[in-house]
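Each remark here refers to the structure printed beneath this line.
There are 4 protein chains.
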Amino acid sequence: MDVRILVLYDNAGAQITAMAQAVGEGVGSVEGVEAILKDLTSATPDDLLDAHGIVLGSPNWNGMTGRLKLWLDDVSGMGQEGLLEGKIGGAFTAGWGRSSGTEFTLLTLLHWMLSGGMIIVGLPWTDRMAVSGSYYGATVHGSITRDDLEQARALGSRMARVARYLKDGGMESIV
Amino acid sequence: MDVRILVLYDNAGAQITAMAQAVGEGVGSVEGVEAILKDLTSATPDDLLDAHGIVLGSPNWNGMTGRLKLWLDDVSGMGQEGLLEGKIGGAFTAGWGRSSGTEFTLLTLLHWMLSGGMIIVGLPWTDRMAVSGSYYGATVHGSITRDDLEQARALGSRMARVARYLKDGGMESIV
Amino acid sequence: MDVRILVLYDNAGAQITAMAQAVGEGVGSVEGVEAILKDLTSATPDDLLDAHGIVLGSPNWNGMTGRLKLWLDDVSGMGQEGLLEGKIGGAFTAGWGRSSGTEFTLLTLLHWMLSGGMIIVGLPWTDRMAVSGSYYGATVHGSITRDDLEQARALGSRMARVARYLKDGGMESIV
Amino acid sequence: MDVRILVLYDNAGAQITAMAQAVGEGVGSVEGVEAILKDLTSATPDDLLDAHGIVLGSPNWNGMTGRLKLWLDDVSGMGQEGLLEGKIGGAFTAGWGRSSGTEFTLLTLLHWMLSGGMIIVGLPWTDRMAVSGSYYGATVHGSITRDDLEQARALGSRMARVARYLKDGGMESIV
Numbered sequence: 001m002d003v004r005i006l007v008l009y010d011n012a013g014a015q016i017t018a019m020a021q022a023v024g025e026g027v028g029s030v031e032g033v034e035a036i037l038k039d040l041t042s043a044t045p046d047d048l049l050d051a052h053g054i055v056l057g058s059p060n061w062n063g064m065t066g067r068l069k070l071w072l073d074d075v076s077g078m079g080q081e082g083l084l085e086g087k088i089g090g091a092f093t094a095g096w097g098r099s100s101g102t103e104f105t106l107l108t109l110l111h112w113m114l115s116g117g118m119i120i121v122g123l124p125w126t127d128r129m130a131v132s133g134s135y136y137g138a139t140v141h142g143s144i145t146r147d148d149l150e151q152a153r154a155l156g157s158r159m160a161r162v163a164r165y166l167k168d169g170g171m172e173s174i175v
Numbered sequence: 001m002d003v004r005i006l007v008l009y010d011n012a013g014a015q016i017t018a019m020a021q022a023v024g025e026g027v028g029s030v031e032g033v034e035a036i037l038k039d040l041t042s043a044t045p046d047d048l049l050d051a052h053g054i055v056l057g058s059p060n061w062n063g064m065t066g067r068l069k070l071w072l073d074d075v076s077g078m079g080q081e082g083l084l085e086g087k088i089g090g091a092f093t094a095g096w097g098r099s100s101g102t103e104f105t106l107l108t109l110l111h112w113m114l115s116g117g118m119i120i121v122g123l124p125w126t127d128r129m130a131v132s133g134s135y136y137g138a139t140v141h142g143s144i145t146r147d148d149l150e151q152a153r154a155l156g157s158r159m160a161r162v163a164r165y166l167k168d169g170g171m172e173s174i175v
Numbered sequence: 001m002d003v004r005i006l007v008l009y010d011n012a013g014a015q016i017t018a019m020a021q022a023v024g025e026g027v028g029s030v031e032g033v034e035a036i037l038k039d040l041t042s043a044t045p046d047d048l049l050d051a052h053g054i055v056l057g058s059p060n061w062n063g064m065t066g067r068l069k070l071w072l073d074d075v076s077g078m079g080q081e082g083l084l085e086g087k088i089g090g091a092f093t094a095g096w097g098r099s100s101g102t103e104f105t106l107l108t109l110l111h112w113m114l115s116g117g118m119i120i121v122g123l124p125w126t127d128r129m130a131v132s133g134s135y136y137g138a139t140v141h142g143s144i145t146r147d148d149l150e151q152a153r154a155l156g157s158r159m160a161r162v163a164r165y166l167k168d169g170g171m172e173s174i175v
Numbered sequence: 001m002d003v004r005i006l007v008l009y010d011n012a013g014a015q016i017t018a019m020a021q022a023v024g025e026g027v028g029s030v031e032g033v034e035a036i037l038k039d040l041t042s043a044t045p046d047d048l049l050d051a052h053g054i055v056l057g058s059p060n061w062n063g064m065t066g067r068l069k070l071w072l073d074d075v076s077g078m079g080q081e082g083l084l085e086g087k088i089g090g091a092f093t094a095g096w097g098r099s100s101g102t103e104f105t106l107l108t109l110l111h112w113m114l115s116g117g118m119i120i121v122g123l124p125w126t127d128r129m130a131v132s133g134s135y136y137g138a139t140v141h142g143s144i145t146r147d148d149l150e151q152a153r154a155l156g157s158r159m160a161r162v163a164r165y166l167k168d169g170g171m172e173s174i175v
């Protein structure tokens, strides 16, 4: 596989892990693109460097979790050195309230990626948005549903296709 | 009534009007506080000046509607002159998608009020948030529900009580 | 002193400490209102409970620091239990870039407070905003300036006055 | 030219027009990519359809201007029909205050584009950010500076290169 998408998540809750797997399935559905799933305890800075795209997942704890932010704080030098430039970025979250910070938690993840010069991919309007998902990424509210998993797969697939096009188009970095 | 809360909304959709009325009921449930409901076609700049608090409502059109923003652009000089200083602010919205911009639309309304020095009141976490509402204000997703109306009333009531305390405490303005 | 404003900050950087002190000066300039300054290493959950208002400060690390978020994650149960309801909230930050996440970092702080039902106070438009400050709170960009310190004092003073009015008006909590 | 980037702006202020031209220069600096500049009075829905990328520019009026939002409201059906899917999106703004809504105005522009499934390109950290620019796009604060124009060119160039790679990689749309 010559294109790799890292799915990096804080597995505080079974829903996040299930969503990470669904994003990975979406990524893997695109020919020549591989998903690498890592939670915070197993991920390394090299995982970020090796990936053409990064999907960050966090439970909705009024923004991303402190644990995930600590991990990202430790590697934020990478962004300042331009090492994340031109990588594709996406996000997912899970929480209990319907609009209680869902979008904002996704935005905390996307913001970190924009600061490193990453290119952001979300989820466009579809009829499924009546029951799941956000323009900013894939979501769960309460118990995970089939629609939530479909949105996660759609996000993974979009990420993989964009990364594939950029790679085939000759991109190394866009610093 | 010596404390007045203006509920100003773009009535593009029956849901917004129903929510405005529910916010008004919440306001009116607090002794000595009166709700004034105005849509864009009937509101005047004096309505803003006369109010101790303002609740803005807009359908979720990827942020507030252009029509409402045009109306607010026309009176934004008020904020720069300090005429909105210390007024209470709150927000509500209605849309179809579950997380497709709901929070963001509320934020576009709160942002405008913060720029004028207004004091922001939202809705705290409750069990009802599993099915309605946002920290940033009251919400509808799809068909309006009893929970949505309850959240709107809760917002109105919170606004009214905060405005009441500030008035009774002697506040004129906090410029 | 019967009204207390807690200034809680992550002192990663001398600028944040200087800003915390200036916020405290602004608080202290209002009769009968006391500022309590605590950094992350000395603050306790009781400090939050005892305060009528809370000002959170963080360096601009693409949102609040992971360390501060970890601290807040540990006490987020307070918000869900309604123990922060009706307290006044404000925010400040310091960073190097002019618009590189300043507002967003303030928003990560305000968002946490809104989730607990706190009442948000920012900084309105003034001529000084040409060189410092944000509607979302007090700011530093690069080396700290006299204007930055004045904005921090203005924020502290606004917080103290609003807390004073609410207390004098009879507010206990607005749950 | 087989790749086209539309620069669509509300020319309320000379700074926005100067920034639009600088974005256009950045776009034009990439081989085979053409910039099309249109203000609100001359742009048509077809301009959106014909472009591989869209850069939106608005003065910082506490979010985008109502005029620009009205224009976008009129064409928002395009996003719901998937006609903007996979196009590249970027943003710029100009205002007087240093952090008084600059990021937020950029976010109102990016949000609209994310709702249509567009792929977002911002500006990564550079030393120049000490004096200009935002992760969310190019900015002006007060009088326009050489750094501001350089950031606008950098945004245009990044947009053009990403659009070029995607086109060369075979992308039609990523619906």
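So the protein sequences, as listed, match chains A, B, C and D.
Numbering-wise (this note's numbering), the first sequence opens with residue 1 and increments by one.
Numbering-wise (this note's numbering), the second sequence opens with residue 1 and increments by one.
Numbering-wise (this note's numbering), the third sequence opens with residue 1 and increments by one.
Numbering-wise (this note's numbering), the fourth sequence opens with residue 1 and increments by one.
Even glycine gets a Cβ: it sits at the ideal position worked out from N, Cα and C.
Just so you know, these numbers come straight off a predicted model, no measurement behind them.
Establish whether the CB of residue i and some CB of chain B are separated by less than 7 angstroms.
{"i": "residue 105 of chain D", "result": "no"}
{"i": "residue 70 of chain D", "result": "yes"}
{"i": "residue 121 of chain C", "result": "yes"}
Give a yes or no on whether the minimum CB-CB distance between residue i and chain A is below 7 angstroms.
{"i": "residue 27 of chain D", "result": "no"}
{"i": "residue 73 of chain C", "result": "yes"}
State the CB to CB distance for the pair residue i and residue j, rounded to an integer number of angstroms; the pair is presumed to be in contact (CB under 8 angstroms).
{"i": "residue 185 of chain B", "j": "residue 121 of chain B", "result": "The requested residue 185 of chain B is not part of the displayed model; chain B covers only 1 to 175."}
{"i": "residue 135 of chain C", "j": "residue 107 of chain B", "result": "Residue 135 of chain C to residue 107 of chain B, Cβ: 12 angstroms. No contact."}
{"i": "residue 160 of chain D", "j": "residue 30 of chain D", "result": "4 angstroms"}
{"i": "residue 91 of chain A", "j": "residue 55 of chain A", "result": "7 angstroms"}
{"i": "residue 84 of chain B", "j": "residue 118 of chain B", "result": "5 angstroms"}
{"i": "residue 52 of chain B", "j": "residue 4 of chain B", "result": "6 angstroms"}
{"i": "residue 104 of chain B", "j": "residue 141 of chain D", "result": "Between residue 141 of chain D and residue 104 of chain B the Cβ distance is about 24 angstroms, and since that is not below 8 angstroms, they are no contact."}
Are the C-beta of residue i and some C-beta of chain C separated by less than 7 angstroms?
{"i": "residue 192 of chain A", "result": "The question about residue 192 of chain A has no answer, for chain A in this structure spans 1 to 175."}
{"i": "residue 115 of chain A", "result": "yes"}
{"i": "residue 108 of chain A", "result": "yes"}
Taking Cβ positions only, does residue i come closer than 7 angstroms to chain D?
{"i": "residue 102 of chain C", "result": "yes"}
Hey, would you say the C-beta of residue i is under 6 angstroms away from at least one heavy atom of the ligand MG?
{"i": "residue 149 of chain C", "result": "Looking at this structure, you won't find the ligand MG or any other ligand, since it has none at all."}
Scan the stretch 58-129 of chain D and note each continuous beta strand (DSSP E) run of 3 residues or more that stays entirely inside, going in chain order. 88-95
Mind listing which residues of the stretch 125-141 of chain B have their C-beta closer than 8 angstroms to chain C's C-betas, in chain order? 125, 135, 136
The stretch 81-99 of chain A: which residues have C-beta closer than 7 angstroms to a C-beta of chain B, in chain order? 96, 97, 98, 99
Below 8 angstroms, can you find three or more Cβ-Cβ pairs linking the stretch 5-14 of chain B to the stretch 141-160 of chain A? no
Can you pull out the residues from the stretch 51-67 of chain B whose beta carbon lies closer than 8 angstroms to at least one beta carbon of chain D? 61, 62, 63, 64, 65, 66, 67
Stretch-stretch touch, CB-based, cutoff 8 angstroms, three pairs: the stretch 65-74 of chain D with the stretch 129-148 of chain D: no
State whether the stretch 27-43 of chain C contacts the stretch 162-172 of chain B, with contact taken as three or more CB pairs (one from each stretch) at a distance under 8 angstroms. no
Three or more beta-carbon pairs under 8 angstroms between the stretch 15-23 of chain D and the stretch 140-149 of chain D, yes or no? yes
Interface residues of the stretch 154-172 of chain A facing chain D [CB-CB below 9 angstroms]: 157, 158, 161, 162, 164, 165, 166, 167, 168, 169, 170, 171
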